[in-house]
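Residue numbers (the working numbering), protein chains in the order written: chain A, 582 to 710; chain B, 11 to 82; chain C, 132 to 365. Note that CB positions come from ideal geometry on N, CA and C, so glycine has one too.
Next comes the structure, spelled out in structure tokens:
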């Protein structure tokens, strides 16, 4: 494959996509994998498959729960690092988070959702998690 | 996966895909929830949600195009 | 019954449109509101299916418009039944669109992705409740994960800081994200004037040689997709 450093035109070569590769390393597997996690967007329509309505709605709800869970964990870590929390509270919090983790695993399984599914793209707001 | 296995065009098309689907002007930010071709709920939001189905389908299409072009 | 497909918002509403067909080989036309022009075509049905052909067509129309105009490319698949809706969007957000047109005039987008393999090469994973004995252990595991993540992010930021200054200085605007995924050190877009495109391409290619352990993917020039999304939603 050759890379031509041609004189670039202001007008981006009129949609000639072939000429738009500037450089690419040999091992771009990781990069292309990331490219492959494309999120589609029909700009204003969320289509819920009639057979999978529950899953679609569960996905929304569980994503919000997951967001809150991670926020709480982060805050807890903050407190642990600052030393503003005693051992007994650490144990209680740990148990609570463990229960939450178990519950989330069950819920994901029930609705056939993977970890990646709970990372909805909110457009301008960016990914939640 | 090595670069030599990919056509330059494919890689740039996927990059374009990523760009044109995710960015660019967002003219209106409302949302319509729809089941069985029936628009049911209108939501005024400055956000967009993605249908799992559509995302999967698009991933498949993009992937299939790549595979096809590699075999040609 | 068709709908209107919108390709871009452009300036110079009185100028000629390029001689290019839109999606489904339909003619393109302009919807004029004040000093702004929305470029549209009519498509069959109520949405445009995603396909390689349609995506390329979308892109080609936008790039043809860029000859001699400032162009704000829309997101692929933007359609509406009613022209009034477009007119309203242009009126409501006119100031924002005009400001963005000024920002992108005479400039293109150069995209860069840099992949890495962090030395630990162990994925940093969340602890699972099933794997620990008690609450305290869970919290310890969580803390360890937090600290490793933080260290990795610091390493990533330091490395990215070595890569990007030479590129950012050539750009009028920059969008950079460190570690959007664990394997991606950097994802960036640079808004670059015509005069600087050749040099930024040279510098990116030079970085690839200078950092053989990193994976580089750079493409462009593109229309300024990454620089027009903000401030355009009513």
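Annotation: the continuous alpha helix (DSSP H) that includes residue 268 (chain C) extends over 266-294. In this structure the stretch 681-696 of chain A does not lie against the stretch 296-315 of chain C, because fewer than three pairs of beta carbons, one per stretch, are closer than 8 Å. The C-beta separation of residue 239 (chain C) from residue 351 (chain C) comes to about 6 Å, placing the pair in contact by the 8 Å criterion. In this structure, the CA atom of residue 311 (chain C) is about 22 Å from the CA atom of residue 35 (chain B). Per DSSP, the beta-bridge partners of residue 161 (chain C) are C:170. In terms of beta-carbon proximity, residue 356 (chain C) lines the interface with chain B, with at least one pair separated by less than 8 Å. Per the Cβ contact rule, the stretch 268-276 of chain C is not in contact with the stretch 336-348 of chain C (fewer than 3 Cβ pairs under 8 Å). Ranked by Cα distance from residue 606 (chain A), the options C:162, C:335, C:359 are led by C:335. Residue state for residue 31 (chain B) is assigned as helix, using DSSP reduced to three classes. Listed along chain B is no residue with a C-beta nearer than 7 Å to that of residue 696 (chain A); the closest approach is about 14 Å.
Residue 601 (chain A) has a beta carbon lying within less than 8 Å of a beta carbon in chain B. Secondary structure note for residue 307 (chain C): its beta strand (DSSP E) is the uninterrupted segment 302-312. Per DSSP, the beta bridge partners of residue 347 (chain C) are C:245. In the DSSP assignment, residue 681 (chain A) falls outside any beta strand (DSSP E) and lies within the alpha helix (DSSP H) extending over 668-691. Counting only residues of its own chain and dropping the five nearest sequence neighbours on each side, residue 163 (chain C) has a CB closer than 6 Å to the CB of 144.
Using a CB distance below 9 Å, the part of the stretch 246-266 of chain C facing chain A consists of 246, 247, 248, 257, 258, 259, 260, 261, 263, 265, 266, ordered along the chain. Taking CB atoms only, residue 21 (chain B) has a neighbour in chain A less than 8 Å away.
In the structure shown, residue 338 (chain C) adopts helical secondary structure according to DSSP, grouped into three states.
Pairing residue 198 (chain C) with residue 149 (chain C), the inter-Cα distance amounts to about 8 Å. Take the alpha-carbon of residue 245 (chain C) and the one of residue 203 (chain C): they are about 26 Å apart.
In this structure, the beta-carbon distance from residue 640 (chain A) to residue 676 (chain A) does not fall below 8 Å. 8 Å or more divides the Cβ of residue 317 (chain C) from the Cβ of residue 330 (chain C). Taking 8 Å as the CB threshold, residue 605 (chain A) lines the interface with chain B. Every beta strand (DSSP E) stretch that sits fully inside the stretch 182-237 of chain C and reaches 3 residues is listed by chain position as 202-204. Excluding five sequence positions before and after residue 181 (chain C), the CB atoms of its chain that fall closer than 8 Å to its own CB belong to 207, 208, given in chain order. Here the alpha carbons of residue 189 (chain C) and residue 600 (chain A) stand approximately 17 Å from one another.
Within the DSSP bridge table, the entry for residue 137 (chain C) names C:171 as partners.
For residue 356 (chain C), DSSP assigns no beta-bridge partner whatsoever.
Among the residues of chain A, none has a CB under 9 Å from the CB of residue 216 (chain C); the nearest is roughly 11 Å distant.
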